[in-house]
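Protein chains in written order, with my numbering: chain A, 79 to 427; chain C, 79 to 427; chain B, 79 to 427; chain D, 79 to 427.
The beta carbon of each residue, even a glycine, is placed where N, CA and C say it ideally should be.
Just so we're clear, the structure is a prediction, and the values are computed from it rather than from any experiment.
See below for the structure under consideration.
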């Protein structure tokens with residue numbers, strides 16, 4: 079009953095097989111490996127972007143920070159959600175990599191998503207004081223959001239239009255890119271450059287790799303700067319083939335889509351079951367592979383006692399057992415129906 | 079005939095097996111995996127340092143930069159060799175991670191190593207102008223050196239004594255730690271804290287891992303700062319078990335020592351063969367797994383034509399065929415006697 | 079009718095006289111001038127802080143940024159008001175000088191001041207995610223606030239107590255230190271270390287100097303780091319006596335108190351007059367030398383037409399002439415009663 | 079007998095008069111003052127550069143660091159002399175402002191100047207290792223050099239040609255710009271853009287101002303970035319008119335040329351006198367306002383005993399009284415013939 083995170087489960091067997099396959103003979107280092115050439119070809123094809131610059135790094139924080147640093151000057155501010163990973167969970171990595179840029183929080187109060195109005199207002203409020211205030215920088219959109227919800231293609235397009243009207247580039251934090259794409263039933267291009275996105279952190283780690291994320295720039299003029307930033311950040315692997323092989327295994331035969339479909343299906347099954355439980359409510363509508371469900375403390379206590387693993391979102395376990403608090407439940411591809419049923423059984427009491 | 083680098087060969091099969099073994103069930107992320115606990119236990123035991131803080135990162139540049147940033151203030155200067163990896167091959171990563179520290183080159187002209195005199199003079203010359211000049215910061219020693227030579231334990235001790243006399247901490251760049259240790263026939267402790275080293279980049283990648291280096295601080299008070307720097311640098315792996323497993327496979331059953339022994343033996347065999355070749359000389363005495371051999375251009379041409387792969391050090395292939403130029407030849411554990419003999423045959427002409 | 083800023087008027091004649099007096103013979107540079115020794119003596123006496131470390135820089139942004147960088151690690155966040163100068167008006171200087179720290183906005187919605195509750199909540203919400211989120215850093219309090227209001231001594235003490243309970247140091251942005259102190263009728267010590275403040279930006283520029291601010295640390299252990307940060311920021315003046323002389327002229331004979339008293343009195347006279355004007359209201363109660371007054375657009379138009387100079391706060395001049403918008407009116411020591419009366423006459427219509 | 083530095087003497091009376099003259103009425107802040115408009119006009123005319131972007135800052139370290147940061151990426155290296163102020167005397171300010179660029183020392187051993195050969199070799203040696211090494215960045219030339227010598231116009235042109243051949247921009251550290259120009263008998267344009275210089279730190283402080291330096295970019299496309307860097311560095315003065323007024327007083331009526339002429343003449347008189355002293359030799363030929371003279375320790379002792387003030391360059395005062403050590407003697411405009419004669423009398427013994 080492991081719902082703590084989609085980075086806690088095992089890697090997909092096919093990814094490990096790809097690693098083993100790559101482990102033969104001598105290979106050029108630092109990204110000049112044959113596997114990387116194939117990864118680039120595949121990603122360009124998938125994204126219908128034959129000119130795109132494609133890079134691999136090992137963590138999501140790195141993908142986000144390097145992509146943003148490439149799009150952002152140190153005197154600018156990045157517009158993002160108040161629960162964005164780049165704001166809450168990267169220990170100031172974007173500030174570090176950009177050389178001291180700021181983050182401006184642009185979500186409406188208690189909302190899970192940026193809105194056209196909130197983003198428009200946030201950008202308009204900056205950049206009005208000459209050199210005194212921070213200048214307008216990139217917009218960073220998280221898809222799937224940190225609340226497990228998904229921007230529709232129309233919403234994405236509208237946010238990108240706002241950004242474009244201020245000449246702000248757009249970054250998409252796609253740590254759960256595949257989960258969103260599967261949920262929307264769209265193509266990679268639909269969810270990125272066709273909507274107006276300039277750079278993508280295309281996650282592999284949470285969806286079954288060991289540790290690999292692609293960074294994709296649709297305008298290849300960003301390539302050289304990114305390469306230098308990657309190197310001086312220590313993120314250029316000498317034995318790069320082991321990053322490439324993971325991504326290759328992940329992309330081949332639609333494995334990435336299958337894994338995300340399983341994870342989303344698992345979450346849907348879990349959500350459906352929770353709906354049957356008396357008094358359970360959702361903080362935000364479940365749309366991908368992550369649920370925020372509100373249950374009485376006593377229920378959480380019962381689940382933890384039974385060995386379930388997940389994070390409480392808005393309160394400690396100690397307190398009034400009848401009071402309701404919210405939990406975050408994340409499903410990955412590896413969960414079995416049995417685990418989910420067991421969880422629901424315990425929750426039902 | 080692949081002598082280009084010790085990061086071009088395959089990873090040790092045992093390392094991949096360890097990965098596969100770790101790939102079962104759910105594991106806590108971010109370094110809280112069971113494998114990491116075992117790695118820490120093993121490294122503390124190997125280094126006879128029960129209090130040491132031990133961390134894993136994926137690249138040598140990261141290990142060096144994070145270790146140095148933890149030991150160095152932005153207004154200080156780091157003393158190192160003029161061919162140190164941190165100076166020549168990290169695209170200013172140490173400057174980036176330290177927030178703008180300087181590097182002071184402290185080797186005698188054309189020397190492969192720092193000497194007591196050169197280091198003493200370099201440190202003494204800094205820190206004499208109050209707040210105007212850079213302040214004295216850490217000393218970074220590379221073992222095996224970038225010229226393939228090795229500091230004796232007495233030399234290490236003497237350099238650390240110089241550093242200590244100025245209150246400068248000492249970092250050891252041990253990208254080829256195992257090769258040096260095997261060549262010296264000493265213990266990990268001998269080559270580090272017993273000589274006066276404060277922090278070590280303990281390489282795994284060049285000696286048969288896919289991508290993992292340990293950073294070891296003998297004074298655990300550096301732990302918290304390092305952990306925050308690692309996180310904000312994007313170097314904390316969510317699925318950390320895949321770093322741990324590599325290092326575990328590498329350390330268990332003395333695999334790391336065996337691999338380095340093979341690499342050094344390969345290099346010795348190659349050096350011995352080269353000595354028989356008319357006119358071949360060594361720029362620096364071969365001591366570990368890396369040779370700098372001087373041969374006529376025509377010989378290099380013949381080798382390249384036969385498919386050998388390695389780097390020329392001090393001149394282009396084009397030019398007077400009789401003129402001698404120097405090549406860097408690196409051996410890893412995976413080279414076969416046949417490959418070496420074939421190389422020597424071609425070289426002999 | 080110049081109410082645009084307290085940095086637009088002339089410098090106090092006594093400050094220029096002090097400059098001229100200092101301009102004789104040779105003087106040691108870089109802060110070793112005799113005038114600086116006297117400044118240090120005076121400030122320590124005024125603040126009843128015989129051990130305090132005292133430095134001079136030329137701008138408020140510098141004073142704030144260097145003080146905060148000395149108190150803050152790059153992985154921390156600074157707690158401040160959402161209209162703090164360090165957040166809105168320094169083009170990311172605190173982010174730059176700290177090496178990438180974050181700023182967390184901790185004021186209640188639409189409030190002019192931090193409150194115990196809002197600060198407590200903001201600090202408590204950070205530092206709960208291990209190495210993932212930013213760590214808790216300094217609290218920066220602006221006195222006089224950017225809305226012209228003043229924290230009482232009790233309020234200051236209570237905020238510092240909150241900070242102390244989380245081990246967060248406290249910085250006071252006292253660009254208008256004298257105006258606040260005069261309004262409170264307290265001593266420099268009351269408003270700083272006795273309340274729990276660790277470091278002060280003690281403004282001179284806005285209150286009649288040409289360009290000088292003191293930075294005061296009550297704990298002298300911060301001295302060396304500050305001195306190195308000042309130098310590498312380019313803020314250590316070679317001919318330092320010209321900074322010292324300004325501050326000396328400013329402090330001698332209570333000139334700084336007289337100037338602030340005049341500025342506050344001017345603002346009080348202006349506020350009193352504005353109260354008589356039909357429909358004029360104050361966004362925040364006038365307490366020092368800065369007013370936020372709400373008037374119909376038509377009134378502003380009349381004032382601008384008559385040559386008044388000041389900033390509109392929340393709307394453009396164009397629009398419905400009857401609609402009310404807010405202006406910021408700042409008084410310095412140099413304004414005459416005639417100018418104020420003239421302004422009021424025009425405003426009255 | 080004050081020969082310690084050209085930042086120890088008083089400011090020119092005309093500069094103080096200009097300050098007093100500017101101290102009337104209200105003025106726009108942050109560089110929008112009328113005096114600055116006049117400074118820009120004058121500097122553009124003097125440099126025959128009607129499009130140049132012109133800025134004022136208060137210190138030489140600031141001028142150099144901001145100019146270089148505008149010309150340099152964080153992953154580049156700056157080519158300079160091994161005694162350049164930016165390398166030895168700015169506590170890593172260039173590294174700080176550039177976000178972690180490196181400095182490559184490019185002077186021949188023991189030389190006072192960069193040579194075409196040494197610069198060519200230094201630049202050629204960088205930028206050859208792809209993303210691994212630092213990339214080629216700006217060349218910074220110091221005129222007058224830190225050894226008191228002067229690049230001829232031909233030498234400047236030749237160095238700029240080398241830089242240009244590698245697409246490296248050129249910065250001139252002109253802390254003693256006027257002294258060099260007077261010595262060469264050339265125009266400001268001759269010594270800058272006509273030779274190939276892109277950006278100049280045009281010193282005022284050492285030549286009689288209180289604290290002001292101009293930064294001049296001949297290509298105005300650098301303007302916006304410089305303005306943002308200046309602001310976030312804390313170097314944009316709110317009461318900017320007091321920087322402008324200094325520079326205005328300095329430039330008007332050729333005051334700056336007169337002051338430099340006096341300083342150089344004083345140094346020439348001092349050098350001539352020293353030539354008469356038995357055993358006195360010059361480390362480098364005296365060419366501007368700074369001498370490096372070698373004298374027996376006993377002579378230095380006699381001079382210090384008589385109250386002379388200057389820096390010893392290469393040894394402590396303690397030691398063999400007959401051994402010769404070198405002193406740096408700097409002359410400013412304010413020295414009198416009497417002081418120089420008195421110094422020579424004591425030196426003669």
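Of all C-beta pairs linking the stretch 212-226 of chain A to the stretch 111-131 of chain A, fewer than three are shorter than 8 Å, placing the two stretches out of contact. Its chain contains 138, 281, 284 as the residues whose beta carbon lies nearer than 6 Å to that of residue 253(C), once the 5 sequence neighbours on both sides are disregarded; these appear in chain order.
For residue 178(B), the C-beta contacts it makes with chain A under 7 Å involve 170, 173, 174, 178, in order along the chain. For residue 207(C), at least one C-beta of chain D is nearer than 8 Å to its own C-beta. About 32 Å separates the CB atoms of residue 345(D) and residue 100(D); that is not less than 8 Å, and the two are not in contact. One finds nothing in chain A with a Cβ atom closer than 8 Å to the Cβ of residue 328(C); even the nearest lies about 13 Å away. The straight-line gap separating the alpha-carbon atoms of residue 400(D) and residue 385(D) is approximately 21 Å.
Rounded to whole angstroms, residue 273(C) and residue 241(C) show a C-alpha spacing of 11 Å. Between residue 390(A) and residue 425(A), the C-beta gap is not smaller than 8 Å, which leaves the two residues out of contact. Contact between the stretch 138-154 of chain C and the stretch 116-125 of chain C is absent, with fewer than three C-beta pairs closer than 8 Å. Of all alpha-carbon atoms in 420(D), 262(D), 414(D), 406(D), the one lying nearest the alpha-carbon of residue 225(D) is that of 406(D).
Taking a beta-carbon distance threshold of 8 Å, residue 317(B) does not count as an interface residue toward chain C. By alpha-carbon distance to residue 108(B), the top candidate from 143(B), 190(B), 314(B) is 314(B). Annotation: the continuous beta strand (DSSP E) that includes residue 133(D) extends over 131-135. Within the same chain, Cβ atoms closer than 7 Å to the Cβ of residue 192(A) are found at 159, 184, 185, 219, 237, the five residues on either side in sequence being excluded.
Around the beta carbon of residue 361(C), a 10 Å sphere encloses 16 or more other beta carbons of the protein chains shown; the residue is thus reported as buried. Under DSSP, the beta-bridge partners assigned to residue 80(D) are 387(D).
Per the coordinates, the alpha-carbon of residue 404(A) lies some 51 Å from the alpha-carbon of residue 335(C).
Burial is judged here by how many other beta carbons sit within 10 angstroms of a residue's own beta carbon; residue 353(D) has fewer than 16 and is exposed. By the Cβ-count criterion, residue 110(C) is exposed, with fewer than 16 other Cβ atoms from all chains shown falling within 10 Å of its own Cβ. In the structure shown, the three-state DSSP call for residue 284(D) is helix. Note on geometry: alpha-carbon atoms of residue 379(B) and residue 394(B) lie some 11 Å from one another.
With fewer than 16 neighbouring CB atoms inside 10 Å of its own CB, residue 187(C) falls in the exposed class.
Taking the CA atoms as reference points, residue 306(C) sits about 6 Å from residue 209(B).
Non-local C-beta neighbours of residue 295(D) in its own chain, meaning closer than 6 Å and more than five positions away in sequence, comprise 131, 277, ordered along the chain. Taking 8 Å as the threshold, the shortest C-beta distance from residue 80(B) to chain D falls below it. Just measuring C-alpha positions, the residue of 228(D), 318(D), 416(D), 229(D) sitting nearest residue 351(D) is 416(D). Interface flag for residue 181(D) against chain B is unset, since no Cβ pair is found closer than 8 Å. In the DSSP assignment, residue 324(B) falls outside any beta strand (DSSP E) and within the unbroken alpha helix (DSSP H) covering 319-329. From the beta-carbon of residue 391(C), no residue of chain D is found nearer than 9 Å; the closest lies around 12 Å away. Comparing C-alpha distances from residue 420(A) to each of 222(A), 128(A), 382(A) shows the shortest one belongs to 382(A). A distance below 6 Å between beta-carbons, with the five flanking residues on each side excluded, links residue 410(D) to the following residues of its chain, in chain order: 84, 87, 341.
Shortest Cα-Cα distance from residue 181(B) to any of 189(B), 163(B), 271(B), 194(B) involves 163(B). If you look at residue 336(A), you'll find it in the alpha helix (DSSP H) that goes 333-353. No Cβ of chain D is located within less than 8 Å of the beta carbon of residue 363(C).
Residues of the stretch 293-324 of chain B with a C-beta less than 9 Å from any C-beta of chain C: 302, 303, 305, 306, 307, 308, 309, 310, 314, listed in chain order.
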